[in-house]
Structure formats: structure tokens, C-alpha cells
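Data block below; observations after.
Residue numbers (this note's numbering), protein chains in the order written: chain B, 3 to 187; chain U, 382 to 482.
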């Protein structure tokens, strides 16, 4: 049963991510990214990470993707989007990486059944049934300092986005602010 | 019947490579940022799979931080795109060749 779920989620994730790259209209790309986010959330549920599945849907699908769609519609891009001339470099980079991944996985596949999972199963460490409680306790004890740093990152990103995206003060009504200040004096 | 960890690695590798290909071949900046999101999600799948595999919640906490960084990256990246579009009135990546040698 879990294999059925995995095959479904993995297939949909791969198909949606290929569509993100392949579709020419950015709105369609963003919508197939939405499909991919939902299926990643489903995969998280099968991996006993229910809290992260909820956060994935709320933050990624609810906030980040809406931001993307806003910008796509603000900019009103015309559909002259062809593929980049760097596709040869892309193939040159990605084909060896794919081969490397296959070699690594085929080498490590036979040892994976007797890996750390078997060693850890004997120890008393198990994932708590209440995933949100366990994540909260881990986050506020072991990872307290990174958590604070993450909040600082968000603050810096917010200020940076405002500074980058806003117009210069007085840009709209007067293209040359120096003249205006002299006239005001 | 559990899924072997290597299946999750293959899945996240394929998604990550799709993201790399998207960054390299797309000419629309917004599509490039969407491909970066693909790569971040591939690493998240890896983190959660290993967190389940090792029975350790640290992986899930790191996904949380990756999510934070992704949100910050999207905010700053889209602000940069808006500023670029305002100064050049295009978002085709080949028009921005100021730093190209």
C-alpha cells in the first residue's frame, strides 16, 4: 500500500517538475509547481512528517506561489520565451551528474537494508506520535539559535524586498529631485 | 513494506536535475526562480526521507529552515525582478549581460 502511494506521489512530482521546466507560459509553470507542492506534501505525510506537510501547503502553496503569480501578473510578460542558448552546457552538466547519482545508488543499494535503520531500530529512539509537539520541542531546545537566526533572515529579506522594489521617493511626480528641493527652498 | 531510501534519493535527484536544467535553459527570470524552488524541494524531500530513515527529527527542523530561506529568497528575488523590469522593461535573461565576459 505504501509502495502504491510512493509510486503515485513520485510519478506526479516528477511529471509536474518536468512540466514546470517545459511549459512556456510562466503562469502554467507556476500552477504545475503548485501541483508538485501538493504531492510533496503528500509524500511528507507518508514519511511521518505531518507538520511539515501542513507547513508545505500553507507556506509554499499559500504564500510563495501567490507571490510568484502576483509578480507574473504585475509584469505582464509577453510570450516570447524561448529556451536559452546554454542548453548544451545544461546537458554537459546534467548527464554526468545523473550518471554519478546512478552509480552511487547502485553501489550503495545492497548495503542499505542493513544500514543504520536496523541499528537504530534496536535503540529506544522512535519518532513521537505527536509530530508537531516533537518538532516544537526540538526547535526550541536544540535548534533555538538557528531559529532566531531564521527570524532575522526573514526580517532582513523583508526590508531588502521593500528597499529593492519601491520607487525612489519623489520619482513619480518629479524626475529630478534636486531641482525640486531647490525650488522648495 | 517500507520504501528503500534509495528510491527517495533517486526521486530527489531527478527533481534536482530538472531544476538545474530549468535554471540553465530557461530565458524567463521567473521560470528560473521557479526552477530554484524545484531544487529546494528536492533537498527537502531528501531531508525528510533521511529524517524518517534515521528516526531523527533534525532533518525535519532543517526543512523548516530551508523553507524560511526559500521564502526570503523569493521575496528578494522577486523584488530584484521588479526593479530590473522597471529599469530595462524586459525579463529576458539574455538582455542582462552587464557582468558577462
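No residue lacks a Cβ here, since even glycine has one placed at the ideal position from N, Cα and C.
For this session: Can you give me, in chain order, the residues of the stretch 52-66 of chain B that have a beta carbon less than 8 angstroms from any beta carbon in chain U?
Result: 53, 54, 57, 58, 61, 62, 65, 66
Exercise. Would DSSP call residue 473 of chain U helix, strand or coil?
Worked result: Position 92 of the second chain, counted from the first residue, corresponds to residue 473 of chain U. Note: residue 473 of chain U maps to strand in three-state DSSP.
Exercise. So, are the CB atoms of residue 429 of chain U and residue 416 of chain U less than 8 angstroms apart?
Worked result: For the purposes of this step, residue 429 of chain U is identified with residue 48 of the second chain, where counting begins at 1. For the purposes of this step, residue 416 of chain U is identified with residue 35 of the second chain, where counting begins at 1. Going by C-beta atoms, residue 429 of chain U is not nearer than 8 angstroms to residue 416 of chain U.
For this session: Taking C-beta pairs closer than 9 angstroms, name the residues in chain U that residue 143 of chain B reaches, listed in chain order.
Result: As a position in the first chain, residue 143 of chain B is number 141, starting the count at 1. None at all; the shortest Cβ gap to chain U is about 11 angstroms.
Exercise. Taking 8 angstroms as the CB-CB limit, is residue 479 of chain U close to chain B?
Worked result: Along the second chain, one-based indexing puts residue 479 of chain U at 98. Closer than 8 angstroms: no.
Problem set entry | Buried/exposed call for residue 143 of chain B, threshold 16 Cβ in 10 Å | Here the question's residue 143 of chain B lines up with position 141 in the first chain. Result: exposed.
For this session: Could you work out which residue in U:399, U:407, U:396 is closest to residue 475 of chain U when comparing CA atoms only?
Result: Residue 475 of chain U sits at position 94 when you count from the first residue of the second chain. The shortest C-alpha separation from residue 475 of chain U is found at U:407.
For this session: Using a Cβ cut-off of 7 angstroms, pull out every chain U residue sitting near residue 160 of chain B, in sequence order please.
Result: The residue you call residue 160 of chain B lines up with position 158 of the first chain. Residues of chain U passing the Cβ test: 456.
For this session: Please go through the same chain and pick out, in chain order, the residues whose beta-carbon is closer than 6 angstroms to the beta-carbon of residue 2 of chain B, but skip the five residues on each side of it.
Result: This structure cannot speak to residue 2 of chain B, because chain B is shown only from 3 to 187.
For this session: Could you work out which residues of chain B lie near residue 476 of chain U, taking near to mean beta carbons separated by less than 7 angstroms?
Result: Your numbering for residue 476 of chain U matches position 95 in the second chain. Going along chain B, no residue has its Cβ under 7 angstroms from residue 476 of chain U, so there is no contact; the nearest lies around 11 angstroms.
Exercise. Thinking C-alpha only, which one of U:389, U:481, U:471, U:392 is nearest residue 409 of chain U?
Worked result: Position 28 of the second chain, counted from the start, is the residue given in the question as residue 409 of chain U. For the residues U:389, U:481, U:471, U:392, the minimum Cα distance to residue 409 of chain U belongs to U:471.
Exercise. Hey, is residue 8 of chain B's beta-carbon within less than 8 angstroms of any beta-carbon in chain D?
Worked result: In the structure shown, chain D cannot be found, because the protein chains are B and U.
Exercise. How is residue 41 of chain B classed by DSSP in three states: helix, strand or coil?
Worked result: In the first chain, counting from the first residue as 1, residue 41 of chain B sits at position 39. In this structure, residue 41 of chain B counts as helix in the three-state DSSP scheme.
Problem set entry | Whole-angstrom C-beta distance between residue 28 of chain B and residue 68 of chain B, which should lie under 8 angstroms | Stepping through the first chain from its first residue, residue 68 of chain B is reached at position 66. Stepping through the first chain from its first residue, residue 28 of chain B is reached at position 26. No, residue 68 of chain B and residue 28 of chain B are not in contact; Cβ-Cβ is about 14 angstroms, not under 8 angstroms.
Problem set entry | Minimum Cβ-Cβ distance from residue 105 of chain B to chain U less than 8 angstroms | If you number the first chain from 1, residue 105 of chain B lands on position 103. Output row for residue 105 of chain B: interface = no.
Problem set entry | Closest Cα partner of residue 146 of chain B within the set U:452, U:393, U:442 | Mapped onto the first chain, residue 146 of chain B falls at position 144. Of the listed residues, the one whose Cα sits closest to residue 146 of chain B is U:442.
Problem set entry | For residue 150 of chain B, the nearest candidate out of U:446, U:393, U:412 (CA to CA) | Taking the first residue of the first chain as 1, we reach residue 150 of chain B at position 148. That would be U:446, whose Cα lies nearest to the Cα of residue 150 of chain B.
Problem set entry | CB contact check: residue 140 of chain B to chain U, cutoff 8 angstroms | Here residue 140 of chain B refers to the residue found at position 138 when the first chain is read from its first residue. It does; some Cβ of chain U falls within 8 angstroms.
For this session: Could you name the residues of chain U that residue 50 of chain B contacts, counting a contact when the two beta carbons are closer than 7 angstroms?
Result: What you label residue 50 of chain B is simply residue 48 of the first chain in a count that begins at 1. 433, listed in chain order.
Exercise. Among B:165, B:160, B:96, B:105, which has the Cα closest to the Cα of residue 451 of chain U?
Worked result: Looking up residue 451 of chain U in the second chain gives position 70. Out of B:165, B:160, B:96, B:105, B:160 has the C-alpha closest to the C-alpha of residue 451 of chain U.
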